[in-house]
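*Asks:* When we follow UniProt numbering, the leftmost residue of the sequence shown carries the number 1, and every step to the right adds one. Cβ atoms here follow ideal geometry from the backbone N, Cα and C, with glycine treated the same way. Here the structure is a predicted model, which is why all the values come from computation and not from measurement.
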Amino acid sequence: MYWARNYIGWPTFSSFQPNETHKIFAAWEVKRKVFWHVTQNVDSLLTKAGCELLSELHGCSARVVCVDCGYKSLTREELQEIILKQNPNWTAQSNTINPDADVHLTEEQLGDFQPPRCPRCSGRIKPDVTFFGDNVDRRLVDFLKEQLSKSDSVLVAGSSLEVMSSYRFILAAQQLKMPIAIINIGRTRGDHAAQLKISTRCGLILPHIEINS
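#1: Thinking just about the alpha-carbon of each residue, which of W90, S165, D152, F113 is nearest to the one in K177?
#2: Between which residues of its own chain and E162 is the CB-CB distance below 6 angstroms, once the five residues before and five after are set aside?
#3: Based on the DSSP secondary-structure assignment, which residues constitute the bridge partners of P116?
#4: Along the chain, where does the alpha helix (DSSP H) that runs through D142 open and close?
#5: Could you compute how far the alpha carbon of R168 sits from the alpha carbon of A193?
#6: Return the chain-ordered list of same chain residues with a C-beta closer than 7 angstroms to the C-beta of Q17, the five sequence neighbours on each side being excluded.
#7: I'd like to confirm the pairing. Which residues does DSSP put opposite A181 in its beta bridges?
#8: Should L140 and S55 be called a contact, given that it needs their Cβ atoms to be closer than 8 angstroms?
#9: If we ignore side chains and look at the alpha-carbon of each, how far apart do F113 and N87 end up?
#10: What does R63 pair with, by DSSP beta-bridge criteria?
#11: Would you identify the three-state DSSP class for P127, choosing helix, strand or coil?
#12: For S55, write down the residues that DSSP places opposite it in a beta bridge.
#13: C121 lies in the alpha helix (DSSP H); which residues open and close that run?
#14: Measuring only the C-alpha atoms, how far is R138 from K145?
#15: Would you mind working out which of L204, M164, I170 sits nearest I185, comparing C-alpha positions?
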C-alpha cells in the first residue's frame, strides 16, 4: 500500500536539506545569471535553497492532488497529520528509503493501515508527481520550450537525460543552435549535442565556476 510506505519514509525524506550545488544555483539566480531552472527531482531541494525561477518537470512530493476531483490545497505535511489521526496505533520500520520517499514494507507490517482520502470528495489522492509511465503536462512542456527560446545557453547538471521528458529540451536547444554544457558522471543521452562535457560530480566543479554579478 503506497501511502503506508510513504508515511514511514516521509519524515526522513522531508528532512533532507539542500547541498552546495542547490545553493550555488540559487546564488546564480540572485545574480540573474540563470534565466530559468528546470528540475527532474521531486524533492523540493532547489526550492529549499531559495530558487524561485523554477519548474519541477516531474512535480513535487511535498504537494498532494486528488485523482478524482483535482483538489490541490493539501500539503504533504498536512497529510502526514491526517494519516496519523486515522492510524494512531499503527507503526512500522524500514531500513531503506527510495528517492521518492517510498520504503519497503511487508504485508504483515501493513496490517490494518487506513489510507487517506481526499478531504473534499473522499476520492483517491496521490503525490503531485509524474510517476513512471505518466506524461508530463503538455502545458508545462510548451511553457518550458518558450522559456528555452528566451535563453542563450543550456547547462545540464547531474542528469543522464535518459527520459524523453528532459531530453526533448536538449533536442529543442540543438535546433535553436544554443550552446549546451553538461556536467554528469558518465555518459548522457545528450552528449552528442554538447559543446562542453565534464564527467564529474557537480559539487566538485560548480564551486570553482566564477560568475560575475
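*Replies:* In this structure, then:
#1: Nearest C-alpha to K177: D152.
#2: R189
#3: Its beta-bridge partners do not exist; DSSP assigns none.
#4: D142 -> alpha helix (DSSP H) spans 138-149.
#5: 12 angstroms
#6: K48
#7: L155, L196
#8: yes
#9: 6 angstroms
#10: When beta bridges are read from the DSSP output, R63 appears opposite T75.
#11: Residue state for P127 is assigned as strand, using DSSP reduced to three classes.
#12: V38, per the DSSP bridge assignment.
#13: Looking at the DSSP string, C121 is not in any alpha helix (DSSP H), and its letter there is neither H nor E.
#14: 11 angstroms
#15: L204
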